[in-house]
Amino acid sequence: MNKIRFLLIVLSVFLLYGCNDNNVEQDESEVGSNIIVQEENLDGKFTVSEVVEYLCSEKVKDREYNKEGNQKATEYIDELYKQLNLEFVFGKSYLDNFPYDGRNISNVIGKISGNDSSTAIILTAHFDAWFNGAVDNASGVATVLEIAKLLEDTSKKESLNYDVIFLMTNGEMALFAGSRDFVTKLEQLQYQNIFNINIDCVGMKDSYNSNPLGLKTLSRISESQILYSGIKEIFNNNNIDFVDDYPTEKAKIAFEQNMGVSDYFAFEENDYPNIHICQQGISEFILNEKDTPELLDYKKIEKLAYVLSIYIKGIIL
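In the working numbering, the protein residues as written are 128 to 444.
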């Protein structure tokens, strides 16, 4: 009798949890909450640390749009896209040239196609920089590249829900020149729905800056709340520290004046939903000689990329 009762209990538990799709999705969204994310060199591909160290190296030096180091950074990211075998977005190249200040410079753009090609999630990070530009913004570039690597690997086994575009912008520090140029070309791609996730200045070591991400909404577009609420939820589930506050005082002032502080604003001013992901407490470390790779915690960047890749893989828009 006891044996029969035990089997009935086991069967009840299985029916309650094992056949519930919502529980399966929730488990997946929380998969990173109790693990240490380790840097994986998938199929011999690049790592977060390698990306940051190269972009901040003596070989590259200054990545401002009009410097030789900017061209070296452009070529480097182009090579990493080739490693990932991303799809082209414009023509037959990842490089999308545009004129600025009397010269031609390039964004670097690649794509993974999803089941619904009417909707695109566009991940942005700027690679131009003053000084070494580790926090600002090799950290964001490394995050987006890591997401691309993870999603490219995932998409071999299961298609993504939507197209995901990886846009490395040039000239962000020159009034968002690259992202503004890209947005003018979006109509060519004929998407019905576009969502932008911008990553700029993340992953500092606690010993230098233990402040969380500042995820106060910087968008007046109602659909942007889809991104803000969904990303906050998965960050909560996976122990990524954030507060519902402005990332910087500059961001607060810019928002109040209907302006922006990073590439998300090129999407905002064209009515595309967007979110800006940035760490608080960065101001004293960026745009000066202090901004070196020593400031960064690569494990933080890897975890952020991992959790965002899970979010993108599972999102229903």
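Glycine included, each C-beta is placed from N, C-alpha and C at the ideal position. Nothing here was measured: the structure is a model prediction, and the numbers come from that model.
My understanding is that residue i touches residue j, with C-beta atoms under 8 Å, so please give their C-beta distance in whole angstroms.
| i | j | result |
| --- | --- | --- |
| Ile326 | Ile404 | 5 Å |
| Asp390 | Thr251 | 5 Å |
| Val271 | Phe293 | 6 Å |
| Phe225 | Asp308 | 4 Å |
| Lys209 | Lys276 | So it is not a contact: roughly 13 Å between Cβ atoms. |
| Asn323 | Tyr221 | Between Tyr221 and Asn323 the Cβ distance is about 19 Å, and since that is not below 8 Å, they are no contact. |
| Ala265 | Leu211 | That pair is no contact at about 18 Å. |
| Ile248 | Val291 | 5 Å |
| Gly241 | Leu213 | Going by Cβ atoms, the distance from Gly241 to Leu213 rounds to 13 Å, so no, they are not a contact pair. |
| Lys199 | Lys186 | 7 Å |
| Tyr335 | Leu207 | With 8 Å as the limit, Tyr335 and Leu207 do not qualify as a contact, their Cβ atoms being about 27 Å apart. |
Tell me the DSSP secondary structure of residue i in three-state form.
| i | result |
| --- | --- |
| Gly260 | coil |
| Thr296 | strand |
| Lys186 | coil |
| Gly237 | strand |
| Leu431 | helix |
| Tyr207 | The residue asked about is misnamed: residue 207 is Leu in this sequence, not Tyr. In the structure shown, Leu207 sits in a helix (DSSP, three-state: H, G or I). |
| Leu272 | helix |
| Leu414 | coil |
| Leu423 | strand |
| Thr474 | Nothing can be reported for residue 474: it is not among the residues displayed for the chain, which extend from 128 to 444. |
| Asp255 | coil |
| Tyr192 | coil |
| Asn212 | coil |
| Asn149 | Any reading at Asn149 must be qualified, since the residue scores a pLDDT of 35, below 50, and its modelled position is unreliable; the value itself is stated next. Helix at Asn149. |
| Lys199 | helix |
| Lys284 | coil |
| Ile437 | helix |
| Leu277 | helix |
| Met128 | In this prediction, Met128 has a pLDDT of 41, which is less than 50 and means its spatial position is unreliable; what the coordinates show is noted afterwards. Looking at Met128 - three-state DSSP - the assignment turns out to be coil, as it is neither helix nor strand. |
| Leu444 | coil |
In the DSSP assignment, what are the bridge partners of residue i?
| i | result |
| --- | --- |
| Leu446 | It is not possible to answer for residue 446, since the shown part of the chain is limited to 128 through 444. |
| Ser220 | Phe217 |
| Ile232 | Phe225 |
| Asp243 | Tyr289 |
In chain order, what residues of the same chain have a beta carbon less than 6 Å from the beta carbon of residue i, not counting five sequence neighbours either side?
| i | result |
| --- | --- |
| Thr246 | Tyr289, Asn320 and Leu444 |
| Glu464 | Because the chain here runs from 128 to 444, residue 464 falls outside it and cannot be looked at. |
| Gly305 | Asn234, Thr296, Asn297 and Gly298 |
| Ile413 | Val262 and Asp263 |
| Asn259 | Cys183, Asp418 and Thr419 |
| Val178 | Ala269 and Leu272 |
| Ser346 | Glu395 and Asn401 |
| Tyr318 | Ala247 |
| Tyr355 | Thr344 and Ile402 |
| Phe382 | Leu345 |
| Asn231 | Asn224 |
| Tyr227 | Gly298 and Ala304 |
Looking only at its own chain, which residues have a Cβ that is under 8 Å from the Cβ of residue i, when we skip the five neighbours before and after it?
| i | result |
| --- | --- |
| Phe217 | Asp223, Ile236, Lys312 and Gln315 |
| Lys377 | Val388 and Ser410 |
| Thr375 | Gly341, Val388, Cys405, Gln407, Ile409 and Ser410 |
| Phe303 | Thr296, Gly387, Ser389, Asp390, Phe392 and Ala393 |
| Asp424 | Gly330, Met331, Lys332 and Asp333 |
| Leu278 | Ile239, Leu287, Val291, Ser436, Ile439 and Lys440 |
| Pro339 | Asp368, Phe369, Val370, Gln406 and Gln407 |
| Ile353 | Phe322, Pro400 and Leu444 |
| Asp350 | Asp is not the amino acid found at residue 350; the sequence shown has Glu there. So the list reads Phe322 and Pro400, once near-sequence residues are dropped. |
I'd like the list of long-range same chain contacts for residue i, defined as Cβ closer than 7 Å, with 5 residues on each side in sequence excluded.
| i | result |
| --- | --- |
| Tyr438 | Gly357, Ile358 and Ile361 |
| Ser282 | Ile239 |
| Gly229 | none |
| Lys427 | Gly330 |
| Lys343 | Asp371, Asp372 and Tyr373 |
| Asp255 | Arg190, Glu191, Tyr192, Asn197, Asn297, Gly298, Glu299 and Met300 |
| Asn415 | Phe258 |
| Leu442 | It is worth fixing the name first, because residue 442 is Ile in this sequence and not Leu. Excluding positions up to five away in sequence, the list reads Asn288 and Gly357. |
| Asp243 | Asn288 and Tyr289 |
| Lys379 | Tyr373 |
Please go through the segment 298 to 368 and give each complete alpha helix (DSSP H) segment of 4 or more residues, from N-terminal end onward.
Entirely contained in the segment 298 to 368, the alpha helix (DSSP H) runs reaching 4 residues are, in chain order, 304 to 311 and 351 to 364.
Whole runs of the beta strand (DSSP E) within the segment 363 to 407, excluding any shorter than 3 residues
Contiguous beta strand (DSSP E) elements confined to the segment 363 to 407 occur at 401 to 404, taking only those with 3 or more residues.
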